[in-house]
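Using the numbering used here, you'd call the opening residue of the sequence shown number 1107 and step up by one each time. Positions of the beta carbon are idealized from the N, C-alpha and C atoms, including for glycine. Quantities reported herein were computed from a predicted structural model and do not represent experimental measurements.
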Amino acid sequence: IFPDLPVTSKPTEVRMGKGKGSVDYWACKVKPGRVMFEIDGVNETVAREALRLAAMKLPIKTRTVVREDW
């Protein structure tokens, strides 16, 4: 996942027109089912806690999936 979508905005109290505003921040679109994070080499309880804390920072619903074939 890489933020390659520029989001622009114009300053407040500026009239319409005169071109597009400057880049305010960069974003990316995340579709359902997309793997966002993979963790390897740590204890499963530590990894679950790290992913739980990361999920609380995101504005979307997330789910932790454990791969059992390793």
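Report yes if the C-beta distance between residue i and residue j is below 9 Å; otherwise report no.
i: residue 1127; j: residue 1135; result: no
i: residue 1113; j: residue 1133; result: yes
i: residue 1168; j: residue 1159; result: no
i: residue 1142; j: residue 1107; result: yes
Would you identify the three-state DSSP class for residue i, choosing helix, strand or coil?
i: residue 1151; result: helix
i: residue 1164; result: coil
What is the rounded straight-line gap between the Cα of residue i and the Cα of residue j?
i: residue 1118; j: residue 1144; result: 40 Å
i: residue 1149; j: residue 1121; result: 56 Å
I'd like to confirm something about residue i: is its beta-carbon nearer than 8 Å to some heavy atom of the ligand FAD, or not?
i: residue 1157; result: Among the components of this structure there are no ligands whatsoever, and the ligand FAD is therefore not found.
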